[in-house]
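Okay, structure first, notes after.
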Amino acid sequence: MDTSKEYIEMCQKAEEIQRDWLKHGTGGDFAVPTKTISDYHGFWKLQANRVYIVGNDGEYDLDIVDQDDINETGAIWLPRQDQLQEIFEVAMQEKVAKGEISSGDVGHVIFHFIEWLDKPWGYMELAKTLNGWPSMEQLWLAFVMKEKHGKIWAGEEWKET
Numbered sequence: 006m007d008t009s010k011e012y013i014e015m016c017q018k019a020e021e022i023q024r025d026w027l028k029h030g031t032g033g034d035f036a037v038p039t040k041t042i043s044d045y046h047g048f049w050k051l052q053a054n055r056v057y058i059v060g061n062d063g064e065y066d067l068d069i070v071d072q073d074d075i076n077e078t079g080a081i082w083l084p085r086q087d088q089l090q091e092i093f094e095v096a097m098q099e100k101v102a103k104g105e106i107s108s109g110d111v112g113h114v115i116f117h118f119i120e121w122l123d124k125p126w127g128y129m130e131l132a133k134t135l136n137g138w139p140s141m142e143q144l145w146l147a148f149v150m151k152e153k154h155g156k157i158w159a160g161e162e163w164k165e166t
C-alpha cells in the first residue's frame, strides 16, 4: 500500500475520488488525518505522519461513517489498488449503460490499463511528474482519473485533458 507523500497529495487533490469514499464503505480503508484532534473519542490522539486503518476499532483507527466524520478529522482516503480497479470497472459499466462502449469491453480492465500505459499521458509521463517510478496505486489512480474524469496529474494538481 502506497503511503508516500506523493500519493497522499494525488489522493487529496483527486476530489472526485474523495467524494466517492463513502459509497464504497469505509471498513479497512487507509486514511491520513490532516487535522490534529486532542483526545478524539476520548481514548486516543491523532499523530502527525501516521496512516490509519479506518473502522477496525484498534488503537489508531479512524471511525469514519459519514461526511461529518471526514470533515471533523480532515481524513484523506488513500484507495487501494483493488478499490481503484473497482472504481474503473463501475465507470466502464456506466459507459456501457450509456451506449458509449460495448459490454465486451468491461471485462478487459487489464487490456485498457496496458493500452493506457503506452499513451503519452500514461506511465512515462506520470513518472516524469513524480520524479521517479510510480507505485501501482499511483498508476491506477492516474488511470481512473484519466478514464473516468478526463484529468491527468501535472505534478501538483489534476488538470483537464
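Using my numbering, you'd call the opening residue of the sequence shown number 6 and step up by one each time.
Built from N, CA and C at the ideal position, the CB exists for glycine as well.
Please name the residue in the options whose C-alpha comes closest to that of residue i.
i, options, result
"I75", "A159, T31, K18", "T31"
"I119", "E152, V95, I106", "E152"
"W26", "E99, I157, A159, Q88", "Q88"
"S9", "D73, K28, R85", "R85"
"C16", "H29, T78, A36", "A36"
"A80", "E20, A147, G155, L122", "E20"
"D7", "L83, I69, Y57", "L83"
In three-state DSSP terms, what is residue i?
i, result
"G47", "Any reading at G47 is ruled out, since the residue's pLDDT is 44, under 50, leaving its predicted position unreliable."
"A147", "helix"
"E21", "helix"
"E165", "strand"
"R55", "coil"
Which residues bound the alpha helix (DSSP H) around residue i?
i, result
"K10", "10-18"
In terms of residue numbering, what span does the beta strand (DSSP E) encompassing residue i cover?
i, result
"A159", "It is not in any beta strand (DSSP E) - A159 carries neither H nor E in the DSSP assignment."
"V37", "35-37"
>> To test your reading of the DSSP string, which unbroken alpha helix (DSSP H) runs of 4 or more residues are found completely within the stretch 66-143?
In response: 72-78, 86-102, 114-122, 128-135
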